[in-house]
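Under the working numbering, think of the first position of the sequence shown as 141, with each following residue one higher. Here a beta-carbon is modelled for each residue, glycine too, at the ideal position from N, C-alpha and C. Structure first, commentary second.
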Amino acid sequence: MVSAGALYRCRVMHRRPGPPRYRFNYRSFYMLLDIDAIDQACAASPLISRNRFNVLSFNDADHGPHEAGADLRAWLDALLAAQSIDLAGGRVQLLAMPRVLGYGFHPISVFYCEHADGSLRAIVVEVHNTFGEHHFYVLHEHGAAMDWRVARRKAKAFHVSPFFDRSGGYRFHFAEPGARLGMGIRLFEADGERLRITTTLTGERRALNTANILKAVCGVPFMTIKVVAAIHWQAFKLWLRGAVFHRKPEQNRENVS
141 MVSAGALYRC RVMHRRPGPP RYRFNYRSFY MLLDIDAIDQ ACAASPLISR
191 NRFNVLSFND ADHGPHEAGA DLRAWLDALL AAQSIDLAGG RVQLLAMPRV
241 LGYGFHPISV FYCEHADGSL RAIVVEVHNT FGEHHFYVLH EHGAAMDWRV
291 ARRKAKAFHV SPFFDRSGGY RFHFAEPGAR LGMGIRLFEA DGERLRITTT
341 LTGERRALNT ANILKAVCGV PFMTIKVVAA IHWQAFKLWL RGAVFHRKPE
391 QNRENVS
């Protein structure tokens, strides 16, 4: 039987070749949840809940349509149908940071979308910034099966860092979530040649249970608050090093690309 949920103890790394050259990393943890069995996953421990306060919690309104009570699966199926993708009821797993003691921030969440035959058909990358905005990058092969080994390209369409404008493009690399988790995102200049920044997320899988939740929370206490604090602290240090600051543009009306 496939588990409805798992915990990944992770490390996030950001590296920019400059100028100015800069690198930092921090620890975090993510949950991987079957979106059709979230209640089952949350029943794995009294320390995790759905849509209510707990040590860890998953709130439906933090993802997808961002509406309380919305059907996450129905929203995703409609999003994919607009790209001519039909999963035929296949499994969708969501990789996301949980809320910790009621506070949540989700720099990146990933929907791994499988067809009923088990093949990967789409990856939906949901990105949030610190201004409360979000954007969805839909990676797919027009309904055909995807090869995990192939990098996917998307034009940048969303403001994240004040030290990069909204030009350029991403190259996304994903490994199938298993005993280990791995993904890499590289941002290039508009010419596709000059690398602007590399971000990686790696982790090791743990069972979603009380013992592992306690280890994760004690290992990275107040994780979601620390992530937001780290974003601003590292931005301040980059500014001191002379990184060029870009004012935030208006968000694009279309938040799917």
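Verify whether the separation of the beta carbon atoms of residue i and residue j is less than 9 Å.
i: HIS275; j: PHE251; result: no
i: LEU196; j: LEU187; result: yes
i: THR339; j: HIS154; result: yes
i: THR400; j: TYR243; result: What is shown of the chain runs 141 to 397, which leaves residue 400 out entirely.
i: ARG311; j: PHE328; result: yes
i: SER249; j: GLU266; result: yes
i: ALA285; j: SER259; result: yes
i: PRO247; j: MET171; result: no
i: ARG149; j: ARG346; result: yes
Under a Cβ-count criterion, where at least 16 other Cβ atoms within 10 Å of its own Cβ denotes burial, should residue i be classed as buried or exposed?
i: ALA222; result: exposed
i: ASN165; result: exposed
i: CYS358; result: exposed
i: ARG151; result: exposed
i: LEU234; result: buried
i: GLU254; result: buried
i: SER185; result: buried
i: ARG320; result: exposed
i: HIS372; result: exposed
i: ARG387; result: exposed
i: VAL384; result: exposed
i: PRO389; result: exposed
i: VAL232; result: buried
i: ALA146; result: buried
i: HIS203; result: buried
i: LYS296; result: buried
Got a sec, what are the start and stop residues for the alpha helix (DSSP H) residue i sits in?
i: ALA375; result: 363-380
i: VAL357; result: 350-359
i: LEU216; result: 212-221
i: GLN180; result: 178-182
Over what stretch of residues does the beta strand (DSSP E) that includes residue i continue unbroken?
i: HIS147; result: The amino acid occupying residue 147 in the given sequence is Leu; His does not appear at that position. Looking at the DSSP string, the run of the beta strand (DSSP E) that includes LEU147 is 145-156.
i: ILE337; result: 335-347
i: ASP174; result: 162-174
i: ILE325; result: 320-328
i: ILE263; result: 260-268
I think residue i touches residue j, with their Cβ atoms under 8 Å apart; what is that distance to the nearest whole Å?
i: LEU212; j: LEU220; result: With 8 Å as the limit, LEU212 and LEU220 do not qualify as a contact, their Cβ atoms being about 13 Å apart.
i: ALA356; j: PHE169; result: 4 Å
i: LEU279; j: ALA262; result: 7 Å
i: ARG156; j: ILE337; result: 4 Å
i: ASN191; j: ASP200; result: 6 Å
i: ARG269; j: VAL300; result: Residue identity check: residue 269 is Asn in the sequence provided, not Arg. Correct: roughly 5 Å between the Cβ atoms.
i: ALA315; j: GLY322; result: 4 Å
Beta strand (DSSP E) runs wholly inside the region 288-324, at least 3 long, in chain order: Listed in chain order, the complete beta strand (DSSP E) runs (minimum 3 residues) inside the region 288-324 are 292-295 and 309-314.
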